[in-house]
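For the record, in the sequence shown the residue sitting at position 55 is 656 according to the working numbering, with numbers rising by one throughout.
Quick reminder that beta carbons are idealized off the backbone N, C-alpha and C, glycines included.
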Amino acid sequence: MAMSGAIEMSNIDKCDIGYINVHGTGTPNNDSSEAIAMKRLFGDKIPPYSSTKGFTGHTLGAAGGIESLFTVLSVYGGYIWPNLNFSEMMDECDVPPQTTLKRGVHIRSAMTNSFGFGGNCTTLIFDKV
602 MAMSGAIEMS
612 NIDKCDIGYI
622 NVHGTGTPNN
632 DSSEAIAMKR
642 LFGDKIPPYS
652 STKGFTGHTL
662 GAAGGIESLF
672 TVLSVYGGYI
682 WPNLNFSEMM
692 DECDVPPQTT
702 LKRGVHIRSA
712 MTNSFGFGGN
722 CTTLIFDKV
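Next up, the structure:
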């Protein structure tokens, strides 16, 4: 609901999302839940995605802010960040994350997800103006 709500509030079409910085903790429960939510929202057209936690570790309360910076850099710098240390696909998502750095990518809008303890879910969308 957080992802679809953010898209609705931002007044863009979901096909405008060019990159998703997933919460991606590397835990089966969190990652499979996020993968299922992406499939429900995007169907078979999931945009390129990765978790940037491999660069920073899980910084808990600071994670959402740090990952927002990565996402803004994606929009304004044309980067799609690699999902470091990715090794195997989950059954819940048949689209692998981005595993190499891509540069010079035109990204109009990017999404970042941040999940907290107790079921808190936040999605931000950054759009190039």
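- Here Asp632 carries a helix assignment [DSSP, helix/strand/coil].
- Linking Gly625 to Leu702 through their CA atoms gives a straight-line distance of about 17 Å.
- Judged by their CB atoms, Asn686 and Gly658 are not nearer to each other than the 9 Å cut-off.
- Sixteen is the threshold: since fewer than 16 other Cβ atoms of the shown chains lie within 10 Å of the Cβ of Ser605, the residue is exposed.
- Here Gly644 is exposed. Its C-beta has fewer than 16 other C-beta atoms within 10 Å.
- Partner residues in the beta bridge of Cys722, as assigned by DSSP, are Phe716.
- In the DSSP assignment, the residues bridged to Ala711 are Tyr620, Phe727.
- Shortest Cα-Cα distance from Met712 to any of Arg704, Leu642, Ser633 involves Leu642.
- Check the Cα spacing between Arg704 and each of Asp695, Gly619, Pro629: the tightest is with Gly619.
- Residue state for Tyr680 is assigned as coil, using DSSP reduced to three classes.
- The beta-carbon separation of Ala603 and Cys722, rounded to 4 Å, stays under the 8 Å limit for a contact.
- In the structure shown, the three-state DSSP call for Ser651 is strand.
- Ile708 is positioned such that its CB atom lies no closer than 9 Å to that of Ile726.
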